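J.:
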Amino acid sequence: MPAIAQTPSGHLHAVPRRDLLGLTAVAAAAIGTGAVAWPFIDSMNPARDTLAAGEPLDVDTSRIEPGQQIVAMWRGAPVFILRRSPQALETLQDPALAARLKDPDSAVPQQPAYATNWHRSMTLEYAVLVGICTHLGCLPTLYAKPDATEPVSNWPGGYFCHCHGSRYDLAGRVHNGVPAPYNLPVPPHNFINGTMLRIGENPAGASFELNSVVQI
Numbered sequence: 110m111p112a113i114a115q116t117p118s119g120h121l122h123a124v125p126r127r128d129l130l131g132l133t134a135v136a137a138a139a140i141g142t143g144a145v146a147w148p149f150i151d152s153m154n155p156a157r158d159t160l161a162a163g164e165p166l167d168v169d170t171s172r173i174e175p176g177q178q179i180v181a182m183w184r185g186a187p188v189f190i191l192r193r194s195p196q197a198l199e200t201l202q203d204p205a206l207a208a209r210l211k212d213p214d215s216a217v218p219q220q221p222a223y224a225t226n227w228h229r230s231m232t233l234e235y236a237v238l239v240g241i242c243t244h245l246g247c248l249p250t251l252y253a254k255p256d257a258t259e260p261v262s263n264w265p266g267g268y269f270c271h272c273h274g275s276r277y278d279l280a281g282r283v284h285n286g287v288p289a290p291y292n293l294p295v296p297p298h299n300f301i302n303g304t305m306l307r308i309g310e311n312p313a314g315a316s317f318e319l320n321s322v323v324q325i
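Read in order, the letters of the sequence shown are residues 110 to 325 in this note's numbering.
1) Does the ligand COA have even one heavy atom less than 7 angstroms from the beta-carbon of Pro165?
2) Should the segment 312-325 be regarded as contacting the segment 166-174, the criterion being three or more beta carbon pairs within less than 8 angstroms?
3) Beta carbon of Asn285, beta carbon of Lys211: below 8 angstroms?
4) For Gly87, count the other beta carbons within 10 Å of its own beta carbon; 16 or more makes it buried, fewer makes it exposed. Which is it?
5) What does a CB cutoff of less than 7 angstroms around Ala181 pick up in its chain, not counting 5 residues either side in sequence?
6) For the candidate residues His298, Met231 and Leu245, whose alpha-carbon lies nearest to that of Pro290?
7) How is the beta strand (DSSP E) around Pro195 delimited, first residue to last?
8) What does the Cβ neighbour count give for Asp278, buried or exposed, with the cut at 16 atoms within 10 Å?
9) Whose CA, out of Ala216, Ser275 and Ala224, lies closest to the CA of Thr391?
Set out below in structure tokens:
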């Protein structure tokens, strides 16, 4: 029997078993810190017609501390919501980091126009990213702080995909010399007040759909 979930508008709907398994996998990834692969890549990756349907999702960000991340499920995909510290924002603007990146200026349309900036988001503080590696669809792990050895040497902070070693910074920009070809996608999103994030809705005057990105 399918599970029952509630949409932001208050309607109840059935959740297919496939999506329920995906939610369980993402919840485990949000709690753990080790290597977590996105299971059943072919069946779990959302098709473009699936991304074109569904309702926006409201997420309260008020309890996210700087450096912390939560994972939400929207239209069958995990969405990383990361609150970046002031130190992390400084690192994102460091020319030394930009030199490591394939697409530091977000020239490839993997995000809406309002997120085509150095922080790839509506606001400086919060990153909102589809958490699916653009190589083979695995689930990258957050290592927010710089580290000399973990998960690899000279780590500047960001996302590491344990499946094949792809790396992204804290704005979802992909590094040079890794299998992933593109930056992590940015979904349509909007802050409807100071702390309530709405995933799946653009700010006033903007038009963007996730199915228009180059690759998910």
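Virtual Cβ for every residue (Gly too), placed ideally from N, Cα, C. The structure presented is a predicted model; accordingly, all values stated were derived computationally and were not measured.
T.: Judging by the given coordinates:
1) This structure does not include the ligand COA; it has no bound ligands of any sort.
2) no
3) yes
4) Since the first residue shown for the chain is 110 and the last is 325, residue 87 is missing from the structure and cannot be characterised.
5) Leu166, Val168, Val188, Ile190 and Ile308
6) Leu245
7) Unbroken run through Pro195 is the alpha helix (DSSP H), Pro195 to Leu201; no beta strand (DSSP E).
8) buried
9) No answer is possible for residue 391: it lies beyond the span of the chain, which begins at 110 and ends at 325.
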